[in-house]
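Visitor: Residue numbers (this note's numbering): 13 to 526. I'd like to ask some things about the structure below.
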Amino acid sequence: MKKVLLFTALLLLANSCQGQKINSSDRGSGPARAPQFAGQFYPADSTKLSKAIAAFLNDAKPAKSDHPLAIIVPHAGYIFSGQIAADGYNQVKGNRYDLVVILGTNHTTAGFTGISVYPKGSFDTPIGSAAVDDSAAAELMKSDRDVTANPAVHEREHSIEVQIPFVKYLFPHAKIIPVVVGEPDADMCVRFGRALAGILKDKRSLIVASSDLSHYPRFDDALSIDHATLTAIESMDIDRIESYMSGQLRKNTPQLSTCACGEAPIMAAIAAAKELGANYASTISYTNSGYSPVGRADQVVGYGAVVIGRGKLSTAVSIDTTEVDPFYKLTSSDKEALLSYARRTIEQILTTETVPLPRNLGACLKVRRGAFVTLKKNGELRGCIGSMSGDRPLGTVVGAMALQAAFNDTRFDPLGEQELPRVEIEISALTPFTEVKSADEVVLGRDGVVVRKGNRQAVFLPQVATETGWSKEVFLDQLCYKAGLEKGDWKTAQLFTFQADVFSESEFGSTEHR
Numbered sequence: 013m014k015k016v017l018l019f020t021a022l023l024l025l026a027n028s029c030q031g032q033k034i035n036s037s038d039r040g041s042g043p044a045r046a047p048q049f050a051g052q053f054y055p056a057d058s059t060k061l062s063k064a065i066a067a068f069l070n071d072a073k074p075a076k077s078d079h080p081l082a083i084i085v086p087h088a089g090y091i092f093s094g095q096i097a098a099d100g101y102n103q104v105k106g107n108r109y110d111l112v113v114i115l116g117t118n119h120t121t122a123g124f125t126g127i128s129v130y131p132k133g134s135f136d137t138p139i140g141s142a143a144v145d146d147s148a149a150a151e152l153m154k155s156d157r158d159v160t161a162n163p164a165v166h167e168r169e170h171s172i173e174v175q176i177p178f179v180k181y182l183f184p185h186a187k188i189i190p191v192v193v194g195e196p197d198a199d200m201c202v203r204f205g206r207a208l209a210g211i212l213k214d215k216r217s218l219i220v221a222s223s224d225l226s227h228y229p230r231f232d233d234a235l236s237i238d239h240a241t242l243t244a245i246e247s248m249d250i251d252r253i254e255s256y257m258s259g260q261l262r263k264n265t266p267q268l269s270t271c272a273c274g275e276a277p278i279m280a281a282i283a284a285a286k287e288l289g290a291n292y293a294s295t296i297s298y299t300n301s302g303y304s305p306v307g308r309a310d311q312v313v314g315y316g317a318v319v320i321g322r323g324k325l326s327t328a329v330s331i332d333t334t335e336v337d338p339f340y341k342l343t344s345s346d347k348e349a350l351l352s353y354a355r356r357t358i359e360q361i362l363t364t365e366t367v368p369l370p371r372n373l374g375a376c377l378k379v380r381r382g383a384f385v386t387l388k389k390n391g392e393l394r395g396c397i398g399s400m401s402g403d404r405p406l407g408t409v410v411g412a413m414a415l416q417a418a419f420n421d422t423r424f425d426p427l428g429e430q431e432l433p434r435v436e437i438e439i440s441a442l443t444p445f446t447e448v449k450s451a452d453e454v455v456l457g458r459d460g461v462v463v464r465k466g467n468r469q470a471v472f473l474p475q476v477a478t479e480t481g482w483s484k485e486v487f488l489d490q491l492c493y494k495a496g497l498e499k500g501d502w503k504t505a506q507l508f509t510f511q512a513d514v515f516s517e518s519e520f521g522s523t524e525h526r
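Here's what the structure looks like:
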């Protein structure tokens with residue numbers, strides 16, 4: 013089996029910044045902070061960046077808040093968390109704001125525990141510049157002794173920078189106050205929140221708290237930890253939030269380093285929003301990096317979108333952790349949705365350097381199975397790679413293997429944007445493996461087979477036997493050769509069988525690839 017490579021390396025290659033020409037009137041009176049993470053955390057090309065944000069907003073969860081005052085959104089690379097961030101921003105889309113306060117956390121300045129405001133100037137992005145409201149920043153420093161002006165804290169901080177493109181895209185004329193809240197000291201965060209509310213009470217303003225959730229636990233651990241973290245946030249009880257997060261860390265969950273890397277911004281946002289009359293906090297959406305086609309299941313980071321406001325609110329979202337039978341039989345609508353998602357994933361990476369989050373895939377987001385994705389052009393193979401591990405949801409695996417087949421099959425050049433319309437996509441959704449005692453139990457044409465001996469292993473899909481016409485003995489010998497074994501080694505090796513549900517775009521009358 014071809015080794016599955018992580019696709020993220022492609023996204024860490026910085027692009028030449030073709031940023032929109034910045035109007036000097038968009039800049040404040042002080043220095044302009046140049047983007048430090050364009051081409052890494054988000055596209056450096058202005059067209060691709062605008063398309064990425066538009067695509068995320070198009071897929072965003074609908075607004076549910078009567079009067080939003082603040083949102084909590086993630087700050088990872090857009091390829092991992094951009095959709096969840098868009099879900100949060102969609103709660104305030106269409107509103108008019110004169111001022112957006114962005115509360116970031118401290119990733120870069122060792123020993124910094126206070127609160128730092130960027131006092132004047134602007135934050136540049138590939139799609140324009142956002143001016144700092146220097147008068148409001150000065151007023152904030154006067155109102156709270158913990159707040160200082162320390163631009164060095166902001167120089168290499170990404171938690172604020174990644175929010176600016178969304179703000180600029182949605183509220184092009186709004187000014188900003190960038191604030192790094194350095195330590196989750198509850199008393200300090202409450203004091204700051206109240207001071208901030210005093211400044212904002214007569215302004216058309218929005219508070220954005222920038223925070224990811226759990227860092228580096230396994231997929232299943234992240235689901236339970238992040239669910240509890242979001243529940244604590246929804247309580248708007250700062251003591252409860254602080255107590256839960258510190259208590260969870262004491263449980264020594266493997267690989268868990270934090271429950272929320274923006275705990276202080278979250279606390280400060282809640283304190284400010286409550287002072288402004290907030291009576292609810294509600295989760296809008298959740299995912300973790302293990303759901304992403306470019307993620308992994310053994311170490312994940314959680315991402316949640318929360319809206320905080322006053323007035324009426326529709327029902328909150330909960331994290332569904334129920335499992336589905338791994339032998340679940342795919343329906344026609346499941347298959348069409350998976351094929352569509354595979355194509356969208358390839359298309360979006362080519363046009364925006366981001367990928368769509370697997371959504372609206374029903375049971376395919378719960379059942380954990382391996383899958384192969386095959387690309388064919390003019391009836392000829394154009395790429396085929398699969399994963400058999402079954403440690404992530406099928407929908408995610410299909411997206412991941414679509415990327416691998418398009419760009420990482422070393423037998424072919426990476427797929428080009430102009431080729432995609434002429435490519436047909438085929439998916440082989442695998443059932444779990446069953447070890448068999450001997451080759452007598454293998455049924456050619458029905459079973460795929462894995463041979464394993466020592467540290468050598470290889471797989472043939474069920475259709476290999478049908479396409480080649482090999483006898484069982486030749487089939488198994490060829491499988492051994494593929495694994496680097498000798499002819500006949502299958503007689504003493506471990507053998508596993510599985511079945512594959514194979515379906516392609518042409519079966520559903522798709523004309524996208526023609």
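Heads up, the beta-carbon is just placed ideally off N, CA and C, and yes, glycines get one too. Predicted, not measured: the structure shown is a model, and the values here were computed from it.
(1) Below 8 Å on the Cβ atoms is my contact criterion, and I expect F231 with D158 to pass it. Report the Cβ-Cβ distance as a whole number of Å.
(2) Please determine, among E287, R308, D310, L432, the residue with the shortest C-alpha to C-alpha distance to D354.
(3) Using alpha carbons as the reference points, say which of Y298, H119, L115, N118 lies closest to Q95.
(4) Can you determine whether any heavy atom of the ligand PLP sits closer than 7 Å to the C-beta of A280, and answer yes or no?
(5) So, for Q48: in the same chain, excluding its five sequence neighbours on each side, which residues have a beta-carbon less than 8 Å away from its beta-carbon?
(6) Between the beta-carbon of I65 and the beta-carbon of A221, is there less than 8 Å?
(7) In three-state terms, what does DSSP make of E392?
(8) Taking 8 Å as the threshold (C-beta atoms), are Q511 and E447 in contact?
(9) Do P277 and V193 have their CB atoms nearer than 8 Å?
(10) To which residues does DSSP link Y303 through a beta bridge?
(11) Put D310 into one of helix, strand or coil per three-state DSSP.
(12) Which term fits A412, buried or exposed, when burial requires 16 or more other beta carbons within 10 angstroms of its beta carbon?
(13) Which same chain residues end up closer than 7 Å to F183 when comparing Cβ atoms and leaving out the 5 residues on each side of it in sequence?
(14) Taking all protein chains shown into account, decide if R434 is buried (16 or more other Cβ within 10 angstroms of its Cβ) or exposed.
(15) So which of S255, H79, N420, I189 has the shortest CA-CA distance to S128?
(16) Cβ atoms of A383 and S399: under 8 Å apart, would you say?
(17) In this structure, how does DSSP classify I96 when only helix, strand and coil are distinguished?
(18) Among K378, A417, L288, S450, whose alpha-carbon lies nearest the alpha-carbon of R394?
(19) Residues in the same chain with beta-carbon distance under 7 Å from L24, minus the five sequence neighbours each way, listed in chain order, please.
(20) Can you tell which of D145, A67, H87 has its C-alpha closest to the C-alpha of Q175?
(21) Take the Cβ of Y493 as the centre, count every other Cβ of all protein chains shown within 10 Å, and call the residue buried at 16 or more, exposed below.
(22) DSSP state of V435, grouped into three classes?
(23) If you draw a straight line from the C-alpha of D310 to the C-alpha of C271, how long is it?
(24) Let me confirm a value: A209 is counted as buried when at least 16 other C-beta atoms fall within 10 Å, else exposed. Which label applies?
(25) Considering only their Cβ atoms, is the gap separating I320 from A290 smaller than 8 Å?
Guide: Based on what the coordinates show:
(1) With 8 Å as the limit, F231 and D158 do not qualify as a contact, their Cβ atoms being about 38 Å apart.
(2) Before going on, a small fix: residue 354 reads as Ala here, not Asp. Checking every option, the nearest Cα to that of A354 belongs to L432.
(3) Y298
(4) This structure lacks the ligand PLP; in fact it carries no ligand of any kind.
(5) Cβ neighbours of Q48 beyond the five flanking positions: E167, R168, H170, E173.
(6) Their beta carbons are not under 8 Å apart, which means I65 does not touch A221 by this criterion.
(7) strand
(8) no
(9) yes
(10) Looking at the DSSP assignment, Y303 forms no beta bridge with any residue, so it has no partner.
(11) coil
(12) buried
(13) Y109, V112
(14) exposed
(15) I189
(16) yes
(17) helix
(18) A417
(19) The pLDDT assigned to L24 is 36, lower than 50, so where the model puts this residue is not dependable; a value taken from the coordinates is nonetheless given after this. Closer than 7 Å at the Cβ level, and outside the excluded window around L24, lie Q52.
(20) Residue H87 is the option with its Cα nearest to Q175.
(21) exposed
(22) Looking at V435 - three-state DSSP - the assignment turns out to be strand.
(23) Between D310 and C271, the C-alpha separation is close to 17 Å.
(24) So A209 counts as buried.
(25) A contact, by the Cβ cut-off of 8 Å.
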